[in-house]
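K.L.:
This structure is in structure tokens; I'll ask about it shortly.
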Amino acid sequence: MLLMRRFETAADSLYKSKLIRGFCHLYDGQEAVAVGMESALTRRDAIITAYRDHCLYLARGGDPVSAFAELMGRAGGCARGKGGSMHFYKRDANFFGGHGIVGAQVPLGCGVAFAQRYRKEGTVTFDLYGDGAANQGQLFEALNMAALWKLPVVLVCENNHYGMGTAEWKASKSPAYYKRGDYVPGLKVDGMDVLAVKQACKFAKEHVLAKGPIILEMDTYRYHGHSMSDPGSTYRTRDEIAGIRQERDPIERVRKLLLAHDFATTQELKDMEKEIRKEVDAAIAKAKESPMPDPSELFTNVYVNDCGLESFGVDRKVVRTVLP
Amino acid sequence: MAAAASSSCTLRGVGAVASAKPRSAAAPAARSARVAAAAKGPARGRLVARNAVAVTPRRMRRPRRLDPSQAALREGLIEEMKSDPTVCVMGEDVGHYGGSYKVTKGLAEMFGDLRVLDTPIAENSFTGMGIGAAMKGLRPIVEGMNMGFLLLAYNQISNNCGMLHYTSGGQFKIPVVIRGPGGVGRQLGAEHSQRLESYFQSIPGLQMVACSTPYNAKGLMKAAIRSENPVVLFEHVLLYNLKEKIPDEEYICCLEVAEMVRPGEHVTILTYSRMRYHVMQAAKTLVNKGYDPEVIDIRSLKPFDLHTIGNSIKKTHRVLIVEECMRTGGIGASLRSAIIDNFWDYLDAPIMCLSSQDVPTPYAGTLEDATVVQPAQIVAAVEQICQ
Chain A
1 MLLMRRFETA
11 ADSLYKSKLI
21 RGFCHLYDGQ
31 EAVAVGMESA
41 LTRRDAIITA
51 YRDHCLYLAR
61 GGDPVSAFAE
71 LMGRAGGCAR
81 GKGGSMHFYK
91 RDANFFGGHG
101 IVGAQVPLGC
111 GVAFAQRYRK
121 EGTVTFDLYG
131 DGAANQGQLF
141 EALNMAALWK
151 LPVVLVCENN
161 HYGMGTAEWK
171 ASKSPAYYKR
181 GDYVPGLKVD
191 GMDVLAVKQA
201 CKFAKEHVLA
211 KGPIILEMDT
221 YRYHGHSMSD
231 PGSTYRTRDE
241 IAGIRQERDP
251 IERVRKLLLA
261 HDFATTQELK
271 DMEKEIRKEV
281 DAAIAKAKES
291 PMPDPSELFT
301 NVYVNDCGLE
311 SFGVDRKVVR
321 TVLP
Chain B
1 MAAAASSSCT
11 LRGVGAVASA
21 KPRSAAAPAA
31 RSARVAAAAK
41 GPARGRLVAR
51 NAVAVTPRRM
61 RRPRRLDPSQ
71 AALREGLIEE
81 MKSDPTVCVM
91 GEDVGHYGGS
101 YKVTKGLAEM
111 FGDLRVLDTP
121 IAENSFTGMG
131 IGAAMKGLRP
141 IVEGMNMGFL
151 LLAYNQISNN
161 CGMLHYTSGG
171 QFKIPVVIRG
181 PGGVGRQLGA
191 EHSQRLESYF
201 QSIPGLQMVA
211 CSTPYNAKGL
221 MKAAIRSENP
231 VVLFEHVLLY
241 NLKEKIPDEE
251 YICCLEVAEM
261 VRPGEHVTIL
271 TYSRMRYHVM
281 QAAKTLVNKG
291 YDPEVIDIRS
301 LKPFDLHTIG
311 NSIKKTHRVL
321 IVEECMRTGG
331 IGASLRSAII
341 DNFWDYLDAP
351 IMCLSSQDVP
361 TPYAGTLEDA
371 TVVQPAQIVA
381 AVEQICQ
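These protein sequence lines map, in sequence, to chains A and B. If you're matching positions, the first sequence starts at 1 in full-length UniProt numbering and goes up one per residue. If you're matching positions, the second sequence starts at 1 in full-length UniProt numbering and goes up one per residue.
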């Protein structure tokens, strides 16, 4: 969580110094959800989320160097500089991104779960969306299909109470997102408590493999605005933000627990923070060294193997079709 | 096909300006790596690079039986589903109902409910699901009951299907086939007579093909399923019951190659899907009047087969495009622009493009006929070009 917090803070300053452009959606405050979820899953389970994906990428084993490089649009980035902040993916860790259109990742996640069921893998998909996306029609369409076919998908609503600038009570008739499943059961979880998240995700995984989809609503909060172009204070008070930081901050909670139970001393925790700070700074320095993508990269990966189907007939010797 | 691509002819994207890099410059090292990889991989779904001559349809064809288009499509589906267990179908009423145009009839009994999935009426989501499943390694075929309904899934097709391979830096591939009947039918009304070719053509990362005969329907279906890229296969409502003899032996059609329907000398007529039949009807009249039109069914709507088209233009120097989509921003508009960019010096007359009118398709039969291009108009256009 410290790594994530430090990463997002560093991304904030990189954005302000114009090394990161475009849209940058920061996750600080919500780290407990990513960490708790990851600790309840294996790398064979899949996670898919929307555009607030930096920390999910790190949780799935993503390397901070490639993450910073991607944010700065360098060739060493996880999507070779072609995706950007909203398009982090890690296929070998079953992290399916990284999607810019609100709610579009929900059917995708159900599709991943469909493939998991099709192949009888015994794994689950955690399909993350926000309180803003909870009003998308495609969410309910996907929910219906997931319930119909008992797809192993957990729909996780990361409720940070604001859909960009709109408070949840202004957008949703029923802000109890976990209850909206109707025929799909739902659980509300304190998203700022990493241990609660872990338990809930463990439970959800078992439930889903036996009985079909479930909705988890994570009650969480983001300290930054919606994105770097949003100050985050026009629709909520600074007191509210400061209050949550004081009372519910996920990292502080863990720190208090560790200290109270003598698992670590204050000095050890301070040293850990210093280490992480150094690690992040080193990652940024390394990422800055990465070159801009070569101009030829503009045209690569548009198609797989470019166009052209080169394929065999039944005897595997005679080509039936080839592109001249 | 065997002739080397001329340097002014490019197959990269629609309307691209001629690039200096000919196709054959693809790195041989990359090919042998793929050959080696394919030798280890499972039977289907792995493409092995080889260098050989494409076999022409006429030489290959040993007709055995008479198949309507929808049966040809079904055969292609069955063959691919049998050989590759990751191929699955999803769409409305594709399972037990057998498909609204009977293309998937009998498949649910053969392959089970999971592989031939009846979805609720939620195009946006089940297309999204198909794409997500493709990201995870399946090869779904998403059927839109009518192409027009896929407009609801446009976001998924554009942003997720076409672009994911690029935005993930090559990590995920989306080998999905999106297919369905479109085109103007028999008084189906405006919303059920959509032609979506022009809407999808600018989505990067997507390939589009249009089938027109039972032979190429089966061939293109198989090729689309085997392709690692997302392919949109445009079928036509009125062409499902066309009958033709197709070979018993296995064959596929190249996704990017156009079909020479009738060689000729005077004018190149480029067409696709149902308009091919209107053109051939007009061709009969034209031949009686002493003209010799060369008719090419372009089949590949994205990217265009500028190789075949270019060779034809170099021979005839006159081009007529006959299409069923709308005039504004249609396939013909892009094709015309691509031809002008690449073959301007070979043209002796302005390129004519006959398209459907820019109106919603009316219900009344006479008005509907007036919306699409009719053979008489094609004859008149050829006479005008060849003056």
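Yeah, the Cβ is synthetic: ideal placement off N, Cα and C, and Gly gets one too. All values reported here derive from a predicted model rather than from experimental measurement.
Taking the C-alpha atoms as reference points, what is the distance between A/GLN220 and A/GLY61?
P.N.:
If you number the first sequence from 1, residue 220 of chain A lands on position 220. If you number the first sequence from 1, residue 61 of chain A lands on position 61. A quick correction: the sequence has Thr, not Gln, at residue 220 of chain A. Taking the straight line from one Cα to the other gives about 23 Å.
K.L.:
Let me make sure I understand the geometry here. Which of A/VAL302, A/ALA69, A/PRO250 has the alpha-carbon closest to that of A/ASP281?
P.N.:
Position 281 of the first sequence, counted from the first residue, corresponds to residue 281 of chain A. Comparing Cα positions, the closest option is A/ALA69.
K.L.:
Starting from A/SER17, trace the beta strand (DSSP E) both ways and give me its first and last residue.
P.N.:
Along the first sequence, one-based indexing puts residue 17 of chain A at 17. No beta strand (DSSP E) contains A/SER17, which DSSP labels as neither H nor E.
K.L.:
Roughly how many whole angstroms lie between the Cα atoms of A/VAL194 and A/VAL35?
P.N.:
Taking the first sequence and counting its residues from 1, one reaches residue 194 of chain A at position 194. Taking the first sequence and counting its residues from 1, one reaches residue 35 of chain A at position 35. Rounded to whole angstroms, A/VAL194 to A/VAL35 spans 7 Å at the Cα level.
K.L.:
Quick one: which chain A residues come within Cβ less than 8 Å of B/ALA338?
P.N.:
Sequence index remark: in the second sequence, residue 338 of chain B carries index 338 (1-based). Under the 8 Å cutoff, chain A gives no residues; its nearest Cβ is about 15 Å from B/ALA338.
K.L.:
Please classify A/GLN136: does DSSP put it in a helix, a strand, or coil?
P.N.:
By one-based count along the first sequence, residue 136 of chain A stands at place 136. It is coil, neither helix nor strand.
K.L.:
Which residues share a DSSP beta bridge with A/ILE214?
P.N.:
Here residue 214 of chain A corresponds to residue number 214 of the first sequence, with the count starting at 1. A/ILE214 pairs with A/VAL154.
K.L.:
Quick one: any contact between the region 240-251 of chain B and the region 291-306 of chain B, if contact means 3 or more CB pairs under 8 Å?
P.N.:
The answer is no - the region 291-306 of chain B does not touch the region 240-251 of chain B, with fewer than three Cβ pairs under 8 Å.
K.L.:
What does a CB cutoff of less than 8 Å around A/GLY243 pick up in its chain, not counting 5 residues either side in sequence?
P.N.:
For the purposes of this step, residue 243 of chain A is identified with residue 243 of the first sequence, where counting begins at 1. Hits under 8 Å: none found.
K.L.:
Report the start-end ranges of each alpha helix (DSSP H) in the region 83-154 of chain B that is 4 residues or longer and not cut off at the edges.
P.N.:
Runs of the alpha helix (DSSP H) inside the region 83-154 of chain B: 107-111, 123-135.
K.L.:
Could you pull out every residue in the same chain whose Cβ sits closer than 7 Å to the Cβ of A/LYS150, ignoring the five residues on either side in sequence?
P.N.:
As a first step, residue 150 of chain A must be located in the first sequence, where it is residue number 150. For A/LYS150, where only same-chain residues beyond five positions count, the Cβ hits under 7 Å are GLY212.
K.L.:
Is there a C-beta anywhere in chain A that falls below 8 Å from the one on B/THR268?
P.N.:
As a working note, residue 268 of chain B is residue 268 in the second sequence. Cβ-Cβ to chain A under 8 Å: no for B/THR268.
K.L.:
Could you spell out the range, first to last residue, of the beta strand (DSSP E) harbouring B/GLN207?
P.N.:
Residue 207 of chain B sits at position 207 when you count from the first residue of the second sequence. Start and end: 207-210.
K.L.:
B/SER198 bridges to which residues according to DSSP?
P.N.:
Looking up residue 198 of chain B in the second sequence gives position 198. In DSSP, B/SER198 forms no bridge with anything.
K.L.:
Would you list, in chain order, the members of the region 183-217 of chain A that have their beta-carbon closer than 7 Å to a beta-carbon of chain B?
P.N.:
Taking 7 Å as the Cβ-Cβ cut-off against chain B, none of the residues of the region 183-217 of chain A qualify.
K.L.:
Report the rounded CA-to-CA distance for B/PRO181 versus A/PHE126, giving the unit in angstroms.
P.N.:
Here residue 181 of chain B refers to the residue found at position 181 when the second sequence is read from its first residue. Here residue 126 of chain A refers to the residue found at position 126 when the first sequence is read from its first residue. Taking the straight line joining both Cα atoms gives about 35 Å.
K.L.:
Quick check on this structure: which residue in A/ALA167, A/ALA176, A/LYS82 has the alpha carbon closest to the alpha carbon of A/GLU297?
P.N.:
For the purposes of this step, residue 297 of chain A is identified with residue 297 of the first sequence, where counting begins at 1. Among A/ALA167, A/ALA176, A/LYS82, the Cα nearest to that of A/GLU297 is on A/LYS82.
K.L.:
Bridge partners for B/MET260 per DSSP, in chain order?
P.N.:
The sequence position of residue 260 of chain B within the second sequence is 260, counting from 1. Paired residues: B/ILE296.
K.L.:
How would you call B/MET145, buried or exposed, if buried means at least 16 neighbouring beta carbons within 10 angstroms?
P.N.:
Taking the first residue of the second sequence as position 1, residue 145 of chain B is located at position 145. The residue in question, B/MET145, is buried, as its Cβ has 16 or more Cβ neighbours within 10 Å.
K.L.:
Secondary structure at B/PRO356, three-state DSSP: helix, strand or coil?
P.N.:
Taking the first residue of the second sequence as 1, we reach residue 356 of chain B at position 356. Position check: residue 356 of chain B holds Ser in this sequence, whereas Pro was assumed. Here B/SER356 sits in strand by DSSP.
K.L.:
In three-state DSSP terms, what is A/VAL254?
P.N.:
For the purposes of this step, residue 254 of chain A is taken as the residue at position 254 of the first sequence. It is helical.
K.L.:
Consider the Cβ of B/LYS314: report whether some Cβ of chain A lies at a distance smaller than 8 Å.
P.N.:
In the second sequence, residue 314 of chain B corresponds to position 314, counting from 1. For B/LYS314, the answer is no, since every Cβ of chain A falls outside 8 Å of its Cβ.
K.L.:
Within the same chain, show all residues whose beta-carbon is closer than 8 Å to that of A/LEU14, passing over the 5 residues directly before and after it, in chain order.
P.N.:
Locating residue 14 of chain A in the first sequence gives position 14, where the first residue counts as 1. The answer, listed in chain order, is ILE20, PHE68, LEU71, MET72, ILE284.
K.L.:
Please go through the same chain and pick out, in chain order, the residues whose beta-carbon is closer than 8 Å to the beta-carbon of B/ASN124, but skip the five residues on each side of it.
P.N.:
Residue 124 of chain B sits at position 124 when you count from the first residue of the second sequence. Taken in chain order, the residues that qualify are LEU152, ALA153, ASN155, GLN156.
K.L.:
Would you list, in chain order, the members of the region 145-169 of chain B that have their beta-carbon closer than 7 Å to a beta-carbon of chain A?
P.N.:
So the list reads ASN155, GLN156, ASN159, ASN160, HIS165, TYR166, THR167, SER168, GLY169, given in the order they occur along the chain.
K.L.:
I need the straight-line Cα distance from residue 336 of chain A to A/SER174, nearest angstrom please.
P.N.:
Only positions 1 to 324 of chain A appear in this structure, which leaves residue 336 of chain A out of reach.
K.L.:
Taking contact to mean at least 3 C-beta pairs separated by less than 8 Å, is the region 125-145 of chain A in contact with the region 160-167 of chain B?
P.N.:
Result no; under three Cβ-Cβ pairs closer than 8 Å.
K.L.:
Please work out which residues of its chain come closer than 7 Å, Cβ to Cβ, to B/SER100, disregarding the five sequence neighbours upstream and downstream, and give them in chain order.
P.N.:
As a working note, residue 100 of chain B is residue 100 in the second sequence. ASP93, MET145.
K.L.:
Residues of the region 155-184 of chain A in Cβ contact with chain B at a cutoff of 9 Å, in chain order, please.
P.N.:
Those residues of the region 155-184 of chain A that come within reach of chain B (Cβ to Cβ, closer than 9 Å) do not exist; the list is empty.
K.L.:
With the cut-off set at 8 Å, would you say B/VAL176 and B/VAL209 are in Cβ contact?
P.N.:
Here residue 176 of chain B is taken as the residue at index 176 of the second sequence, counted from 1. Here residue 209 of chain B is taken as the residue at index 209 of the second sequence, counted from 1. No, the Cβ-Cβ distance between B/VAL176 and B/VAL209 is not below 8 Å.
K.L.:
Buried or exposed, going by whether 16 or more other CB atoms sit within 10 Å of the CB of B/MET110?
P.N.:
Position 110 of the second sequence, counted from the start, is the residue given in the question as residue 110 of chain B. Exposed, since its Cβ has fewer than 16 Cβ neighbours within 10 Å.
K.L.:
Leaving out five residues on either side along the sequence, give the residues of the same chain with a beta carbon under 6 Å from the beta carbon of B/ALA108.
P.N.:
Position 108 of the second sequence, counted from the first residue, corresponds to residue 108 of chain B. Hits under 6 Å: GLY95, HIS96, VAL116.
K.L.:
Assign B/GLU256 to buried or exposed, taking buried as 16 or more other Cβ atoms, counted over all protein chains shown, within 10 Å of its Cβ.
P.N.:
Within the second sequence, the letter at position 256 stands for residue 256 of chain B. Under this definition B/GLU256 is a buried residue.
K.L.:
Just to make sure I have the definition right: I need the residues of chain A whose C-beta is within less than 7 Å of the C-beta of B/ILE296. Which are they?
P.N.:
Translated into the one-based positions of the second sequence, residue 296 of chain B becomes position 296. Here the premise fails: no neighbours, minimum Cβ distance about 15 Å.
K.L.:
Taking the alpha-carbon of residue 326 of chain A as reference, which of A/TYR118, A/TYR223, A/ALA264, A/VAL106 has the nearest alpha-carbon?
P.N.:
Past the boundaries of the shown model lies residue 326 of chain A; chain A is included only from 1 to 324, so the question cannot be answered.
K.L.:
Rounding to the nearest angstrom, what Cα-Cα distance links B/HIS307 and B/THR285 in this structure?
P.N.:
For the purposes of this step, residue 307 of chain B is identified with residue 307 of the second sequence, where counting begins at 1. For the purposes of this step, residue 285 of chain B is identified with residue 285 of the second sequence, where counting begins at 1. Roughly 28 Å between the two C-alpha positions.
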